Structures are given as structure tokens and as C-alpha cells.
Amino acid sequence: MSNSQMIQTDLNSVLTLEELAEIDHELEHIPYKSGAAIDALKIVQSSRGWVSDECLQAIAKHLEMSSEELEGVATFYNLIYRRPVGDNVVLFCDSVSCWINGCDDIKEMISQKLGVDYGETTSDNAYTLLPVPCLGACDRAPVMMVGDDLVTHLDRETIDTIFANKESGSET
Amino acid sequence: MEKVLTRNISPGKAPTDIAAYEANGGYSALRKAMTVMSPDDCRQVISDSNLRGRGGAGFPTGMKWSFVPMGDKCSPGHKYLVCNADEMEPGTFKDRLLMEFDPHQLIEGMILSAYCIGADISYIFIRGEYVVAIERLRAALADCYARGYLGENILGSGYKLEMYVHPSAGRYICGEETALINALEGKRANPRAKPPFPQVSGLWGRPTIVNNVETLCNIPHIIDRGADWFKGLGVGEDAGTKLFGVSGRVKNPGCWELPMGTSVREILEDHAGGMQDGLQLKGFLPGGGSTDFLTRDHLDLAMDYNVIGKAGSRMGTGTMIILDDKTCPVGMVLNLIRFFAHESCGFCTPCRDGLPWSRQVLEDIENGRGKKEDLDTLEYQIKYIGAIGNTHCALAPGAMEPLQSALKYFREDFEHHISGRACPYRSVGGS
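So the protein sequences, as listed, match chains A and W. Those letters in the first sequence? Residues 6 to 177, by the numbering used here. Those letters in the second sequence? Residues 2 to 432, by the numbering used here.
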């Protein structure tokens, strides 16, 4: 993040009153302000989809911590997004039980269909594809999450149904 | 067999709400504890029951609790009970079931456990992807507050407890209890140096107990029915029942509650239905991705902590991952090492730099670029990364477990990759 941006932006006006109220609600049962760092990142992300540099600096200021320290926290966690994501994040399980059940082929199908690889977002902003540690549904492998929904027993048919509005490779 | 942990859970049955939970005896253990049992009484029953932690390490729960300073020995301030619901060990899918389908059992277990150690604040630290479980636990907590099972003066006993559901922001390492505590404090989830142990100085520097979901779900039943009853449930050395799971290419993958000490063969053949047609069992990880492979020679072993330990592996989470004869063992180990390398917190060098090195060597072998001396390199890595004490926490040594046992049992497969300059399984569709 650039210093010039930090100087130019009035950090007091970046977060909405609702976001600040939610963060302060978390602080009620946390003894130190910086203890709400992850909660605050999640609150902001839940309303905006991701955490921009501006938001990160505003949160850091509100929690009386350095933005560098908060950045270290934000980038540690895979469910905090420091880059914009699409309307739906696809969390694709590539751990061992899904791998045994052929998830590499399924991932290829999804990449073909959506025209994206891991870390990329479709051009219509509908989906961002990310890998995720074992989703804990190994008896129904292969699995993934689309937004909040767990999708199990993935095969060509389920992929075609879920991404029905996507033509093969149309996004490339 | 008597169902204990899953007595309110059946395939196709709706999740258990508070009315159904109470109708089947739920919260009677809490009433018993709040009316006629002191925290000391309750702790004694848990110690006597020989309950061992179900998160993977199998540490005796009563002993873990015994390190928490009690009464005058504890400085004034909060004490914490934390439920580790961060189920992320590759191949593990048991806590999800318990939380989604019987959230009150976990909550009752937590209230009782908090009472045992004198905690006044408790957290359910749950992975963010468990959206359904988070929703159901939050609804269940609201019901508990409404009925006076949580909050001030629980059931008129004078005991006070607050409970929060805390969804995590990700990362496998949060399952390590001191990393989990750092995550709860809003920090990067690097594990802490021990000592001090969390029982003495954990969350916000205060005494803290972290227990796995399944461990906590056992507590109401033990308080209700006693230590001897619990010990009688196991068919081997260990007490109680256990959720055992099987994933991989078997006919009927799933998760079942069975007596502790049930044989691997019974779990695999009777419950998981055996291997899918055309496949043979080649090996299995008995309890998640960071346990050593066992083979067909170990099918008649009892799933007990010590029995599996003596065979050179760990019972871990009790959820087995099956390797069949048409899936490449090198590819499977590569998948696991890639996972652990990716999930390293980056704090200590053997883990941060060692695991990617192992991954690189395995990638070379799997992709036909392996050299004979690569096997020596892997042995060297196992020796240094795998030794407890060389690393800051157990992640990297855990990662070495499937690798070292794969080299022991499936060495020919590694050698064939190197001599044939290709993965011999690719043509048969295993990987």
C-alpha cells in the first residue's frame, strides 16, 4: 500500500457507521482493541466483499494498531480477501480424499467452464476460484463451496448444473 | 451397540432442536451438576472415566483440566473454555456431523466443562466454512440463554457463563491450540512457545482449556451416567465410543459411532462396505493426513490409541483415508505434503523451508524427473523435519508421518517412478 494514499484519504470517513457499530459491539467482550482485528476485517469484508487498502488503514486506526501489523494479520488468513473477489467465491477442496476421488479432473472442468484458474475472477465478476483446505465432507468427495453452499459428489453433471449459465471457456 | 454421541443423529433425520434434545434426556446432566455436584465432583468423574482427547493427540481430558489453577490458587480474573471446532485435518469429517445435527450436545458439554474448570467465558472457535453449523450453534445458544442454561446464575446455582460462537478466518494451523488462542486474540495464528501452557496462561494470559468438539460432546453423558458406564463402552483398552470415518474409494464412505477399540477390518468392511469393485486395499492413514500409513497387515488391529501407536502410526482423529491399488502412493503423499507446506505458518525454518523442499523432491519423482539420490534426500528431510523438538510445533513432524511410512511400505513405487521416469499409475487412471 502507498503512503501517499494514506495521507490523502480521511480515514475517519472510510468505514460506515454500521461497520463501526458492529466492530465496537465485538470490542465489548475483548480486553484489547487490537484483539478485534480479525473480527473487524471480517465485518468490513462481509459488507464490501473484500478489504481494500483504505479500509485496512481505517480499521487499523480505529483499533489503534499500525496498518502494517493489521496487514500481517489480514494476509495470514485465507478467508480474508485483500483483492476484489467475484459475487461468489468458489472454495475448491483439493485435499487428499477429494484428490483420491479425482478432484484434479473436476478442477480442470471448472477452469475450462469458467475460464479462470485459482486466484482469478470471471470477467462478468460472478465467480472467483480459490483452493481451500479439506472441507470436512470427505465421505461425499469431491466437494467445493459456492458462496455459503456446500456442493458434494462433484462430477461433470453437477458442474454443468451449477455453472449452467456459463458457456465453456466463454470468459477467456 | 448403544449410541451415545449420535443418539440424536440418524441419516435423514432433522437436526435436533432444544425440544427434541431435552425430550431425549438433554440438559439433565447440567441439572444434576448444578444441583448436586461441585466442580471437583464433576472433574473427578471425568478423570475416572479415562476420556482421552478426540482431536488427535489422545491426551487424557481429566489430566489436561487438572493443570488449571482452581480456587485460591488462581489469581482473580477470567478463565476460559474454548471448543476447538476448527476441523481441518485432511480426511476428517466427524465434528461437522456433531455440530450440524446435535448442537445442544456440544453446548451442554461445554457448559459442564467450563463449570469443571471454573471458566466464566467460553468460545466455540469454528472454521468459517462450516456455515450451517455456525447458524445452528448460534440458534441453539439463543435457546440456552432463554432457558437459563447460560448467562447469570445458571439454573439458580450461582454459576455464571457466557458463550460465543467465533467463526475463524481460515488456516489449518488454527487447529493447534496455542495458534488458535492467538487467532482468538486477533493475531496471526503462529503457535506459541510452551511453557507456559494454556491451562496456566492462555487466552489474554489467563487460564484456558482448549478441547475438541467430540471430546466435549462426551462430557454430558459421563456426568449423567458415570465413569464406570463410560469405561464399559469400549471393547479394547480405551474408554467410550468414537466417531470413526472412512473416505477414499470404498463402497460406502461415511462416519459411524462405534465402540473404542473396534477393529480396522470391521470399520472398513462392515461399515464402509469394503473397497469399490475392481480395487484392492493398498494402505490407509488411520486418523487423518498427518498419521503414518498402515497396510493390509494391520486390518485386525483395534482402533485404540496405544494399539495404533505401537503399530507405528497414530489413531489421530479416527477418520481413515484409504489408499487403493490404483491410486499412486507418491501422488497421494505429494498431495499431503503440498497441503502441509501451504499451511505452514512460516514461523520456523524447518517447516517453512523444509516442507516446500520435500514437495519439490516429490514433484520431481511424481513427474518422472526423480533421481535415485532423491530418496536419500527424503530420508534426510524426514530425519530433521520429522523430529519433535526441531520445529516450533507439530505441523511439520506430522507432515513427515505419511511420507516416512510411504517410503517404508511403498518404496518400490517410488523406485518405479524413478527408474521408469514416469508415474506408473497415470495410465491406469489412479491419478
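All C-beta atoms, glycine included, are put in the ideal place defined by N, C-alpha and C. Since the structure is predicted, the reported quantities are computational estimates derived from the model, not experimental observations.
Report the rounded CA-to-CA distance for residue i versus residue j, giving the unit in angstroms.
| i | j | result |
| --- | --- | --- |
| Leu259(W) | Gln382(W) | 37 Å |
| Glu344(W) | Leu356(W) | 10 Å |
| Phe415(W) | Met333(W) | 12 Å |
| Val156(A) | Glu413(W) | 37 Å |
| Arg352(W) | Ile125(W) | It is worth fixing the name first, because residue 352(W) is Cys in this sequence and not Arg. Looking at the two C-alpha atoms, the distance is approximately 28 Å. |
| Gly284(W) | Ser406(W) | 10 Å |
| Ile10(W) | Met111(W) | 19 Å |
| Ala147(W) | Ile19(W) | 11 Å |
| Ala180(W) | Asp144(W) | 31 Å |
| Leu217(W) | Leu107(W) | 6 Å |
| Ile135(W) | Val166(W) | 7 Å |
| Val121(A) | Ser128(A) | 9 Å |
| Leu84(A) | Glu130(W) | 9 Å |
| Ala58(W) | Glu88(W) | 14 Å |
| Leu302(W) | Phe231(W) | 22 Å |
| Asp278(W) | Lys252(W) | 8 Å |
| Val69(W) | Pro89(A) | 45 Å |
| Ala273(W) | Arg145(A) | 13 Å |
| Glu76(A) | Leu25(A) | 19 Å |
| Gly430(W) | Lys327(W) | The predicted position of Gly430(W) is uncertain, since its pLDDT is 45 and thus under 50; a value taken from the coordinates is nonetheless stated next. Those two C-alpha atoms are separated by around 7 Å. |
| Ser175(A) | Ser116(A) | Low local confidence applies: a pLDDT of 47 at Ser175(A) is under 50, so the model's placement there is unreliable, with the coordinate-based value given in what follows. In a straight line, the C-alpha of Ser175(A) is about 11 Å away from that of Ser116(A). |
| Ala21(W) | His105(W) | 10 Å |
| Ile48(A) | Val78(A) | 15 Å |
Cβ atoms of residue j and residue i: under 8 Å apart, would you say?
| i | j | result |
| --- | --- | --- |
| Tyr132(A) | Asn93(A) | yes |
| Ser169(W) | Ile210(W) | no |
| Glu238(W) | Asp305(W) | yes |
| Met38(W) | Leu156(W) | no |
| Met100(W) | Ala86(W) | yes |
| Arg250(W) | Ile323(W) | yes |
| Leu6(W) | Leu244(W) | yes |
| Ser50(W) | Ile268(W) | no |
| Leu295(W) | Ser314(W) | yes |
| Ile174(W) | Ala194(W) | no |
| Arg370(W) | Arg339(W) | no |
| Gln62(A) | Ser72(A) | yes |
| Gly176(W) | Ile43(A) | no |
| Lys112(A) | Asp99(A) | yes |
| Tyr81(W) | Ile122(W) | yes |
| Pro136(A) | Gly107(A) | no |
| Tyr82(A) | Arg8(W) | no |
| Leu286(W) | Asp325(W) | no |
| Asp375(W) | Ile419(W) | yes |
Out of the options, point me to the one whose CA is closest to residue i's CA.
| i | options | result |
| --- | --- | --- |
| Cys84(W) | Glu238(W), Tyr173(W) and Val214(W) | Val214(W) |
| Asn307(W) | Arg427(W), Gly262(W) and Glu101(W) | Gly262(W) |
| Leu162(W) | Ile174(W), Leu142(W) and Glu177(W) | Leu142(W) |
| Leu20(A) | Cys139(A), Pro36(A), Ile35(A) and Ser57(A) | Ser57(A) |
| Asp109(A) | Asp160(A), Asp44(A) and Glu33(A) | Asp160(A) |
| Val133(W) | Lys38(A), Thr126(A), Val49(A) and Ala142(A) | Ala142(A) |
| Ala30(W) | Asn219(W), Thr350(W) and Asn154(W) | Asn219(W) |
| Trp257(W) | Val201(W), Thr320(W), Ala115(W) and Asn212(W) | Thr320(W) |
| Thr62(W) | Ser248(W), Ile118(W), Gly421(W) and Glu380(W) | Ile118(W) |
| Gly72(W) | Pro208(W), Phe102(W), Leu282(W) and Lys372(W) | Pro208(W) |
| Leu16(A) | Leu96(A), Ala169(A), Arg87(A) and Glu69(A) | Glu69(A) |
| Val247(W) | Arg44(W), Gly421(W), Pro16(W) and Lys95(W) | Lys95(W) |
The ligand ADP heavy atoms versus the CB of residue i: any closer than 7 Å?
| i | result |
| --- | --- |
| His343(W) | The ligand ADP is absent from the structure shown, which contains no ligands of any kind. |
Query - Residues from the region 114–143 of chain W in contact with chain A, defined by Cβ distance under 8 Å - result: Ile122, Arg128, Gly129, Glu130, Tyr131, Val132 and Val133
Requested in this report: Ignoring anything shorter than 4 residues or poking outside the region 75–118 of chain A, list the alpha helix (DSSP H) runs there in chain order.
Outcome: 101–105
Report task. Mind checking the region 186–197 of chain W against chain A and listing, in chain order, the residues whose C-beta falls within less than 9 Å of any C-beta there? Result -> Glu186, Gly187, Lys188, Arg189, Ala190 and Asn191
Report task. Please list the residues of the region 169–184 of chain W that have a C-beta atom closer than 8 Å to any C-beta atom in chain A, keeping them in chain order. Result -> Ser169, Ala170, Gly171, Arg172, Tyr173 and Ala184
**Report entry** Proximal residues, the region 217–231 of chain W versus chain A, C-beta separation under 9 Å
**Finding:** none
Requested in this report: Give the residues from the region 85–115 of chain A that approach chain W closer than 8 Å (Cβ to any Cβ), ordered along the chain.
Outcome: Ile85, Leu96, Asp99, Ser100, Val101, Ser102, Trp104, Ile105, Asn106 and Asp109
Report task. Scan the region 23–107 of chain W and note each continuous alpha helix (DSSP H) run of 4 residues or more that stays entirely inside, going in chain order. Result -> 29–37, 40–50, 62–67 and 96–102
**Report entry** Within 8 Å of chain A by C-beta, residues of the region 79–102 of chain W in sequence order
**Finding:** Glu88, Met89, Glu90, Pro91, Gly92, Thr93, Phe94, Asp96 and Arg97
Report task. Report the residues of the region 333–363 of chain W with a CB closer than 7 Å to any CB of chain A, ordered along the chain. Result -> Met333, Asn336, Leu337, Phe340 and Glu344
Query - Members of the region 41–70 of chain W that neighbour chain A once the beta carbon cut-off is set at 9 Å - result: none
Requested in this report: Note down, in chain order, all residues in the region 150–169 of chain W with a beta-carbon under 9 Å from any beta-carbon belonging to chain A.
Outcome: Glu163, Tyr165, His167, Pro168 and Ser169
Requested in this report: Entirely within the region 174–207 of chain W and at least 4 residues each: give me those alpha helix (DSSP H) ranges in chain order.
Outcome: 178–185
**Report entry** Complete beta strand (DSSP E) runs within the region 9–50 of chain A (minimum length 3 residues, chain order)
**Finding:** none
Requested in this report: Anything in the region 256–288 of chain W with a Cβ closer than 7 Å to a Cβ of chain A? List those residues in chain order, please.
Outcome: Cys256
Query raised in the report: Considering only residues of the region 331–371 of chain W, which uninterrupted beta strand (DSSP E) runs meet the minimum length of 3 residues and lie entirely inside it, listed in chain order?
Result: none
Query raised in the report: If you scan the region 283–334 of chain W from start to end, which runs of the alpha helix (DSSP H) of 4 or more residues do you find wholly inside it?
Result: 306–311
Requested in this report: Give, in chain order, every residue of the region 18–33 of chain A whose Cβ lies closer than 8 Å to some Cβ of chain W.
Outcome: none
Requested in this report: Mind checking the region 232–254 of chain W against chain A and listing, in chain order, the residues whose C-beta falls within less than 7 Å of any C-beta there?
Outcome: Gly246, Ser248, Gly249, Arg250 and Pro254
Query raised in the report: Can you list, in chain order, the residues of the region 132–149 of chain A whose Cβ is nearer than 9 Å to any Cβ on chain W?
Result: Pro136, Val137, Pro138, Cys139, Leu140, Gly141, Ala142, Cys143, Asp144, Arg145 and Ala146
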